[in-house]
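>
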Amino acid sequence: MKTLVFTLTLFVMLAAHAETVKPAYSSHFILTRILEYKNLSFKPEIPLPTVLFSSEANLKEFQDDVEPQWGFRPDVITNAYIAHLNKIYLYDDKAYYAEHQRCIDDSLAHELAHYVQVQYRKWDLSDESLEWDAIDTQNWFRSQHCSRHTTKTKKSVSYYQL
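With the numbering used here as the guide, the letters of the sequence shown map in order to residues 1139 to 1300.
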């Protein structure tokens, strides 16, 4: 009976943890590509943001971090650049990226675009139009760097399995 309980507990624990994915590129690489795309120069004196993956993050900490910027406490951890903390939260569920035929790197590019808006250009993230700039940057990065890294479903082989 102990073995059965232990096995069921282990199965439930493993099932509760979705398979995760990490970026193929470093934050520095993605940032330098974005800066080139935006015709900006890298400034080593500006610290890179800390990147926390959703699978490793605490929901309460995420809520505490994001609430001053967003004005509410989300129910789940999602992609976000927290300007006042210079911190990025990145959703790392592999199935999500496979389903949408994307790579986590383009999500990181999106959040780094917000970082560039704040740290390099001194723009105010409360301007909702900045989201379109970040989406444009994300789409550009995906087209340039993620096509072979996109996690495919069904018959295709995932880059992350290579």
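Note that beta-carbon positions come from the ideal geometry of N, C-alpha and C, so glycine has one too.
Report the three-state DSSP secondary structure of Y1234 (helix, strand or coil).
Residue state, collapsed to three classes: helix.
> Bridge partners for I1220 per DSSP, in chain order?
According to DSSP, which records beta bridges pairwise, I1220 is partnered with K1225.
> I need the straight-line Cα distance from Q1282 to E1174, nearest angstrom please.
Each residue's Cα considered, the two are about 13 Å apart.
> Which term fits P1187, buried or exposed, when burial requires 16 or more other beta carbons within 10 angstroms of its beta carbon?
Buried: at least 16 other Cβ atoms inside 10 Å.
> Give every residue of the same chain whose Cβ lies closer than 7 Å to the Cβ of A1272, excluding the five residues on either side of it in the sequence, and list them in chain order.
Closer than 7 Å at Cβ, skipping near neighbours: H1248, A1251, H1252.
> Going by DSSP in three states, W1200 sits in which element: helix, strand or coil?
With the sequence shown as reference, residue 1200 is identified as Phe, and Trp is not the correct amino acid for it. It is helical.
> Whole-angstrom Cβ separation of R1280 and R1240, contact assumed at under 8 Å?
Contact holds; Cβ gap of about 7 Å.
> What does the Cβ neighbour count give for T1275, buried or exposed, with the cut at 16 atoms within 10 Å?
Buried, because 16 or more other Cβ atoms sit within 10 Å of the Cβ of T1275.
> Round the Cβ separation of Q1257 and I1184 to the nearest angstrom and send it over; I've been treating them as touching at under 8 Å.
Sure, about 5 Å apart at Cβ, within 8 Å.
> If contact is defined by three or more beta carbon pairs under 8 Å, each pair taking one atom from either stretch, is the region 1191 to 1201 in contact with the region 1214 to 1233?
The region 1214 to 1233 is in contact with the region 1191 to 1201.
> On the three-pair Cβ rule with 8 Å, is the region 1196 to 1203 touching the region 1156 to 1165?
No: fewer than three Cβ pairs fall under 8 Å.
> Would DSSP call V1254 helix, strand or coil?
V1254 falls in the helix class under three-state DSSP.
> Is the beta carbon of T1158 less than 7 Å from the beta carbon of K1232?
For T1158 and K1232, yes; Cβs fall inside 7 Å.
> Take A1086 and list the residues in its own chain whose beta-carbon comes closer than 7 Å to its own, dropping the five residues that flank it on each side.
For the chain, the structure presents residues 1139 to 1300; residue 1086 sits outside this window and is missing.
> For L1263, name the three-state secondary structure that DSSP assigns.
Three-state result, L1263: coil.
> Apply the 10 Å Cβ neighbour rule to D1265 and answer buried if 16 or more other Cβ atoms are within range, or exposed otherwise.
With fewer than 16 other Cβ atoms within 10 Å, it is exposed.
> Closer than 7 Å by C-beta to D1244: which residues in its own chain qualify, once you throw out the five before and the five after it? Chain order, please.
Cβ neighbours of D1244 beyond the five flanking positions: Q1276, F1279, R1280, C1284.
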